[in-house]
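Chemist:
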Amino acid sequence: MQIKSKLLAVAAVLIGLVLINELFISAAIVTTVLLIFALVLTVWLAWQASQETSSDTSLAYDTPSETISINQDAELIGDIRRLMEHELIIFENEINRTCDLVREAVGGISSSFKELQGFSSEQHSMFEELITNTRSIGDDNDTSLQSFVENSNNTLDEFVNVIVNTSKKSLETMSFTDEMVTQFDKIFNLLSQVESLADQTNLLALNAAIEAARAGDAGRGFAVVANEVRSLSLSSTDLNEDIRQEIRSSKEVIEKLRSSVKSIASADLTSTLKEKEQVGVMMNYVSKLNDLTNRKLTFLNDMMPRIDNAVATGVRTLQFEDLTYQTLDSLKENLANLGEIKDDLYALEHNQDDQAALTHFKTKCQQMLQQSARSDQTRSVTQTSMDEGEVELF
316 MQIKSKLLAV
326 AAVLIGLVLI
336 NELFISAAIV
346 TTVLLIFALV
356 LTVWLAWQAS
366 QETSSDTSLA
376 YDTPSETISI
386 NQDAELIGDI
396 RRLMEHELII
406 FENEINRTCD
416 LVREAVGGIS
426 SSFKELQGFS
436 SEQHSMFEEL
446 ITNTRSIGDD
456 NDTSLQSFVE
466 NSNNTLDEFV
476 NVIVNTSKKS
486 LETMSFTDEM
496 VTQFDKIFNL
506 LSQVESLADQ
516 TNLLALNAAI
526 EAARAGDAGR
536 GFAVVANEVR
546 SLSLSSTDLN
556 EDIRQEIRSS
566 KEVIEKLRSS
576 VKSIASADLT
586 STLKEKEQVG
596 VMMNYVSKLN
606 DLTNRKLTFL
616 NDMMPRIDNA
626 VATGVRTLQF
636 EDLTYQTLDS
646 LKENLANLGE
656 IKDDLYALEH
666 NQDDQAALTH
676 FKTKCQQMLQ
686 QSARSDQTRS
696 VTQTSMDEGE
706 VELF
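Residues in the sequence shown are numbered from 316 upward in steps of one, following the numbering used here.
1) Can you tell me whether residue 465 is buried or exposed? The criterion is at least 16 other CB atoms within 10 Å of its CB, across all chains shown.
2) Under 8 Å, do residue 536 and residue 526 count as touching if we go by C-beta distance?
3) Go through its chain and collect everything with a Cβ distance to residue 592's Cβ below 7 Å, but skip five positions before and after it.
4) Can you give me the Cβ contacts of residue 597 inside the same chain, cut-off strictly under 8 Å, excluding the 5 residues immediately before and after it?
5) Under 8 Å, with one C-beta from each stretch per pair, do the segment 545-558 and the segment 510-524 reach the 3-pair mark?
6) So residue 414 and residue 643 are in contact, right, with Cβ under 8 Å, and what is the actual spacing, rounded?
7) Would the segment 602-622 and the segment 489-497 be scored as touching if the rule is three or more Cβ pairs under 8 Å?
8) Apply the 10 Å Cβ neighbour rule to residue 480 and answer buried if 16 or more other Cβ atoms are within range, or exposed otherwise.
9) Excluding the 5 residues flanking residue 622 on each side, which residues of the same chain have their C-beta closer than 7 Å to its C-beta?
10) Could you tell me how far apart the beta carbons of residue 588 and residue 475 are, in whole angstroms, since I believe they sit closer than 8 Å?
11) Hey, how far is the Cα of residue 501 from the Cα of residue 585?
12) Under 8 Å Cβ to Cβ from residue 538, same chain only, skipping five residues before and after it: list those, please.
13) Comparing alpha-carbon positions, which option in 432, 427, 403 lies nearest residue 624?
14) Taking its Cβ as the centre, do 16 or more other Cβ atoms sit within 10 Å of residue 404, making it buried, or is it exposed?
15) Would you mind working out which of 473, 441, 467 sits nearest residue 601, comparing C-alpha positions?
16) For residue 411, count neighbouring Cβ atoms within 10 angstroms of its own Cβ and tell me buried if that reaches 16, exposed if not.
17) I'd like to check one pair, residue 603 with residue 496: are the Cβ atoms closer than 8 Å?
18) How should residue 338 be labelled, buried or exposed, when 16 other C-beta atoms within 10 angstroms of its C-beta is the threshold for buried?
19) Expressed to the nearest angstrom, what Euclidean distance is found between the alpha-carbon atoms of residue 430 and residue 609?
Next comes the structure, spelled out in structure tokens:
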């Protein structure tokens with residue numbers, strides 16, 4: 316009955332091993348601990364069964380039923396050995412497959428992160444250059460965008476002021492031209508008077524010549540004077556006419572100037588002032604847009620280091636490949652121990668009555684258990700998270 320109970324326990328342990336094997340990839344360390352525990356329990360039960368069998372060897376050969384029981388124990392040990400051999404193959408294959416998958420996946424992710432880090436650095440440089448150019452375009456010449464907007468507004472204000480002042484001055488100029496035209500009219504009146512005087516002088520000279528002719532030789536000298544006076548009168552008339560023509564031409568030019576000045580003075584400044592107001596609104600919008608652009612660029616510039624840190628964290632997190640690989644690699648030592656146990660079980664399967672072999676098997680199990688405990692304390696990977704820790708890099 317004791318042997319049957321122990322056999323049931325062994326069967327339960329074997330079922331547990333099969334179930335734990337299904338969880339191997341997601342819980343490798345826990346699986347190893349449970350596997351070692353199950354193995355030790357299995358070996359201990361098998362050894363106890365062998366001890367009982369050895370102690371009753373003399374009785375076992377007395378009855379056929381007990382001989383059958385010994386054969387069944389041998390078959391059970393053989394089944395355990397074959398099951399362990401099968402499970403060890405599965406364990407080793409899964410470890411190798413997991414290592415290959417992790418290595419391949421991490422290689423692709425690492426390349427993507429490195430490429431992303433390069434793009435992030437390039438984008439950071441472009442943003443820094445854009446911010447520098449936006450804030451200080453032509454700093455040596457004081458032609459930044461903000462100063463350009465301010466200077467444009469000032470220039471526009473000065474231009475409108477010039478137009479308004481020109482309109483005012485045009486009105487004054489038109490007033491002056493009106494006064495000049497009035498003065499020319501007065502000059503024409505004076506010229507008319509001079510012309511009248513010349514005509515009268517000519518008439519008097521003519522009368523003097525007639526009277527000198529009547530006087531005969533006595534009036535001959537007076538006749539000469541009269542002729543000279545008449546000549547001067549005619550010359551004065553011609554000069555007066557020339558002056559009149561020149562003044563008339565000047566008056567026509569002044570009339571044209573007056574017409575031009577009048578058109579300038581009468582120009583409607585409403586549209587000009589309205590356009591000036593619209594340009595001012597546009598300049599204000601450009602100024603606000605410039606401020607908004609600077610704020611956004613500053614925000615993006617501040618964000619770039621955080622992106623770099625996130626990428627760096629991602630790259631650092633990729634060390635889980637080393638952690639996982641070393642964790643799985645350390646399990647191979649445990650699998651090697653299980654392989655040795657399997658070989659010892661094979662020996663026990665054919666030499667159950669060898670007490671020395673059983674004692675050696677028990678001692679070896681204890682040594683392996685102690686060695687496994689020491690190895691677990693000195694594993695190259697002892698982390699349970701991706702925070703900073705120690706890892707043996709390849």
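Glycine included, C-beta positions come from ideal geometry on N, C-alpha and C.
Modeler: This is what the structure holds:
1) exposed
2) no
3) none
4) For residue 597, where only same-chain residues beyond five positions count, there are no Cβ hits under 8 Å.
5) yes
6) Correct: roughly 6 Å between the Cβ atoms.
7) no
8) Residue burial is scored here from C-beta neighbours: residue 480 has fewer than 16 other C-beta atoms within 10 angstroms and is therefore classed as exposed.
9) 435
10) The C-beta distance from residue 588 to residue 475 rounds to 7 Å, short enough to meet the 8 Å contact threshold.
11) 39 Å
12) 523, 524, 527, 528
13) 432
14) exposed
15) Residue 467 is the option with its Cα nearest to residue 601.
16) exposed
17) no
18) Note that residue 338 has pLDDT 41, beneath the 50 cutoff, so the model's placement of it is unreliable and no number is given.
19) 29 Å
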